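Positions -28 to -1, 1 to 153 (mature numbering (1 follows the signal peptide of the UniProt record, and there is no 0)) are the ones given, in order, by the sequence shown.
All C-beta atoms, glycine included, are put in the ideal place defined by N, C-alpha and C.
None of the values given here were measured: they were computed from a predicted structure.
What follows is one structure encoded as structure tokens, with my remarks underneath.
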Amino acid sequence: MLTLFSGRHLMHVRRALAFALAVPALLAGCSDDPEPAPKIPEPTSSSPTPTPTELETPEAESPEAFVRRWVKAGDEMQVTGNVEAFRAISKGCQACADLIRTVQEVYGAGGSIEFGGSKITLLRRVGKEPPTFELDMQTPETIVRNAQDDVQDEYPAGTGKYVVTLAGRGDSWRVAHYARR
């Protein structure tokens, strides 16, 4: 069984992203150069301006990036009890459905899951079609509490070793199967 995931990793990612976005803005404010005035073109025709979605071509997500996103969604699901994002990218995966059911049972009964987050230590592609990966994840101790806040289950820290097989293509990957190896 896949060890319970965490949302703490998501918090760290959000902090890193906020920092990465804030630093360029702060540095831009430190310049002595005058800020250039924006050039606004004169309208020349009555044809509609294309919307950004018409101009942008979405970049296909690599299978490796998808697996990382799937692990992150699983971490968040287990900490929050919200299964929808994980379910959406795991359709057809029986082991994923079992994990979703377990999380729903814990939260549906008023319980909670304490978990510090997964850390991927190995993500190696071992099959091209369908994309198949060896995935090693370090996980801290996980505690499942019932509605009375009593410890219901404890899982020790450790490294789980899995095989993950994907289905789909580019912007529509999903996990078709995962299992311990």
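- DSSP places residue 41 outside any beta strand (DSSP E); the residue lies instead in the alpha helix (DSSP H), whose first and last residues are 35 to 52.
- Bridge pairing for residue 92: 109 [DSSP].
- Annotated as proximal: residue 142 and residue 33, with beta-carbon spacing under 8 Å.
- By the Cβ rule, the stretch 82 to 100 counts as touching the stretch 110 to 119, because three or more pairs are nearer than 8 Å.
- Annotation: residue 85 is outside any alpha helix (DSSP H); the continuous beta strand (DSSP E) that includes it extends over 84 to 86.
- DSSP places residue 78 inside the alpha helix (DSSP H), whose first and last residues are 66 to 80.
- Residue 75 and residue 55 do touch by the CB rule: their CB atoms are close to 6 Å apart, below 8 Å.
- In this structure, residue 127 sits away from residue 152, with a CB-CB distance that is not shorter than 8 Å.
- For residue 139, the enclosing beta strand (DSSP E) starts and ends at 130 to 139.
- Residue 71 sits buried, since 16 or more C-beta atoms from the chains shown fall within 10 Å of its C-beta.
- Per DSSP, reduced to three states, the secondary structure at residue 151 is strand.
- The continuous beta strand (DSSP E) containing residue 126 extends over residues 123 to 127.
- Of 121, 91, 144, the smallest CA-CA separation from residue 31 is found for 144.
- Short of 7 Å from the beta carbon of residue 63, and not among the five residues preceding or following it, lie these beta carbons of its own chain, in chain order: 146.
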